[in-house]
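Participant:
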Amino acid sequence: EATATGGTATASANETGGAGGGVGKDAGGGNHGGPGGAVGGVQVRATGFSATASAYQNGGAGGSGGGDGTANNSADGGAGANSSLVNAVSGIANGGTLSLIQSATGGAGGYSNGGTAGAAGTANSQLTLSPDTAATTLDGSSIALGGAGGGGGGVTAGAVGGSATATLVVTGAGVVNTP
Numbered sequence: 228e229a230t231a232t233g234g235t236a237t238a239s240a241n242e243t244g245g246a247g248g249g250v251g252k253d254a255g256g257g258n259h260g261g262p263g264g265a266v267g268g269v270q271v272r273a274t275g276f277s278a279t280a281s282a283y284q285n286g287g288a289g290g291s292g293g294g295d296g297t298a299n300n301s302a303d304g305g306a307g308a309n310s311s312l313v314n315a316v317s318g319i320a321n322g323g324t325l326s327l328i329q330s331a332t333g334g335a336g337g338y339s340n341g342g343t344a345g346a347a348g349t350a351n352s353q354l355t356l357s358p359d360t361a362a363t364t365l366d367g368s369s370i371a372l373g374g375a376g377g378g379g380g381g382v383t384a385g386a387v388g389g390s391a392t393a394t395l396v397v398t399g400a401g402v403v404n405t406p
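Numbering (my numbering), first residue to last: 228 to 406.
(1) Give me the Cα-Cα distance between G289 and L312, rounded to the nearest whole angstrom.
(2) Following the continuous beta strand (DSSP E) through A331, name the residue where it begins and the one where it ends.
(3) By Cβ distance, which residues of its chain are closer than 6 Å to Q353, with the 5 residues on each side in sequence left out?
(4) Determine, using beta carbons only, whether G260 and G322 come nearer to each other than 8 Å.
(5) Mark V316 as exposed unless 16 or more other C-beta atoms lie within 10 angstroms of its C-beta, in which case mark it buried.
(6) When the Cα of A265 is compared with those of G251, G245, A273, G377, which residue comes out closest?
(7) Measure how close the beta-carbons of V269 and A238 come, nearest whole angstrom, since I'm counting them as under 8 Å.
(8) Near G234, what residues of its chain come up, given a Cβ to Cβ distance below 6 Å and the 5 sequence neighbours on each side ignored?
(9) Rounded to the nearest angstrom, how far is the Cβ of G426 from that of G307, given a contact under 8 Å?
(10) With distance defined between alpha-carbon atoms, name the residue in V387, G373, L372 nearest to G379.
(11) Would you identify the three-state DSSP class for N309, choosing helix, strand or coil?
(12) So, with DSSP's three-state summary, where would you put T349?
(13) Quick check: the Cα distance between G337 and G345, rounded to an integer number of angstroms?
(14) Starting from V271, follow the beta strand (DSSP E) in both directions and report where the run begins and ends.
(15) Just checking my contact of A331 with A350 at CB under 8 Å: how many whole Å lie between their CB atoms?
(16) Hey, G401 and L356: beta-carbon distance below 8 Å or not?
(17) Does the Cβ of G377 have 16 or more other Cβ atoms within 10 Å, making it buried, or fewer, making it exposed?
(18) Could you have a look at V402 and say whether DSSP puts it in helix, strand or coil?
(19) Does N321 come out as helix, strand or coil in the three-state DSSP assignment?
See below:
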């Protein structure tokens, strides 16, 4: 959690899950790279004459099941972690601009040569910016990026990229800006 107060307040948090572990080149079928590290719980708040709060969350990448990338060991790639932010940013501007930004990115799936490529992590970002009657300008941004599907070598096909959903609702009495 990040919090800032003052004349011009800026608060930001960046959360990234760790990468899953890979398997050795001689691991063989039935083995798989570790899943990407989970993320969640980031909250950011800023209060000032003008205030900016931003949150960035990235799911961890799945571990490689392909060993050194040349061996056909039939081990599967690990799954990328999902990322979801729902109203993770908030703030109050007492006369100036209130800017709220949040971005969620799914983790990439792990590589496989001879097994199954790792599934991509999904991303979800939902932001509702309620009226702040003291702010003269409201800026809002909600971004979601699905993770890359795991790559495949040899007879293994690459995995599909992760889905992404972003919603943004901004209402206010002053100037309202959205990307």
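We put the beta carbon where it would ideally sit given N, CA and C, even for glycine.
Facilitator: Here's the rundown:
(1) Walking along the sequence shown from the start, residue 289 turns up at place 62. Walking along the sequence shown from the start, residue 312 turns up at place 85. Here the C-alpha atom of G289 lies approximately 20 Å from the C-alpha atom of L312.
(2) Locating residue 331 in the sequence shown gives position 104, where the first residue counts as 1. Its beta strand (DSSP E) spans residues 324-332.
(3) Counting from 1 along the sequence shown, the entry for residue 353 is found at position 126. Leaving aside the five residues that flank Q353 on each side, the residues in its chain whose CB is nearer than 6 Å to its CB run, in chain order, V313, T394.
(4) Numbered from its first residue, the sequence shown carries residue 260 at position 33. Numbered from its first residue, the sequence shown carries residue 322 at position 95. No, these two residues do not count as a Cβ contact at 8 Å.
(5) The residue given as residue 316 occupies position 89 in the sequence shown. By the neighbour-count rule (16 or more Cβ atoms within 10 Å), V316 is buried.
(6) Numbered from 1 along the sequence shown, position 38 holds the residue referred to as residue 265. Closest option to A265, Cα to Cα, is G245.
(7) Residue mapping note: residue 269 aligns to position 42 of the sequence shown, counting from 1. Residue mapping note: residue 238 aligns to position 11 of the sequence shown, counting from 1. About 11 Å; that fails the 8 Å criterion.
(8) Locating residue 234 in the sequence shown gives position 7, counting from the first residue. Setting aside the 5 residues that flank it on each side, G234 is surrounded in the same chain by G275, F276, each with a C-beta closer than 6 Å to its C-beta; the list follows chain order.
(9) With the chain covering 228 to 406 only, the question about residue 426 has no answer from this structure.
(10) Numbered from 1 along the sequence shown, position 152 holds the residue referred to as residue 379. Selected option, being the one with the closest Cα: V387.
(11) Working through the sequence shown from its first residue, we reach residue 309 at position 82. If DSSP states are grouped into helix, strand and coil, N309 belongs with coil.
(12) Within the sequence shown, residue 349 is the residue found at index 122, counting from 1. The DSSP-derived three-state label of T349 is coil.
(13) Translated into the one-based positions of the sequence shown, residue 337 becomes position 110. Translated into the one-based positions of the sequence shown, residue 345 becomes position 118. Cα to Cα, the separation comes out at about 5 Å.
(14) As a working mapping, residue 271 is identified with position 44 in the sequence shown. Unbroken beta strand (DSSP E) run through V271: 271-285.
(15) By one-based count along the sequence shown, residue 331 stands at place 104. By one-based count along the sequence shown, residue 350 stands at place 123. The pair is a contact, with the Cβ atoms about 4 Å apart (cut-off 8 Å).
(16) One-based indexing of the sequence shown puts residue 401 at position 174. One-based indexing of the sequence shown puts residue 356 at position 129. Between G401 and L356, the C-beta gap is not smaller than 8 Å, which leaves the two residues out of contact.
(17) In the sequence shown, the residue the question calls residue 377 occupies position 150. By the 10 Å Cβ count, G377 comes out buried.
(18) Along the sequence shown, read from residue 1 onward, the residue named residue 402 stands at position 175. For V402, the secondary structure class from DSSP, reduced to helix, strand or coil, is strand.
(19) If you number the sequence shown from 1, residue 321 lands on position 94. DSSP, read as helix, strand or coil, puts N321 in coil.
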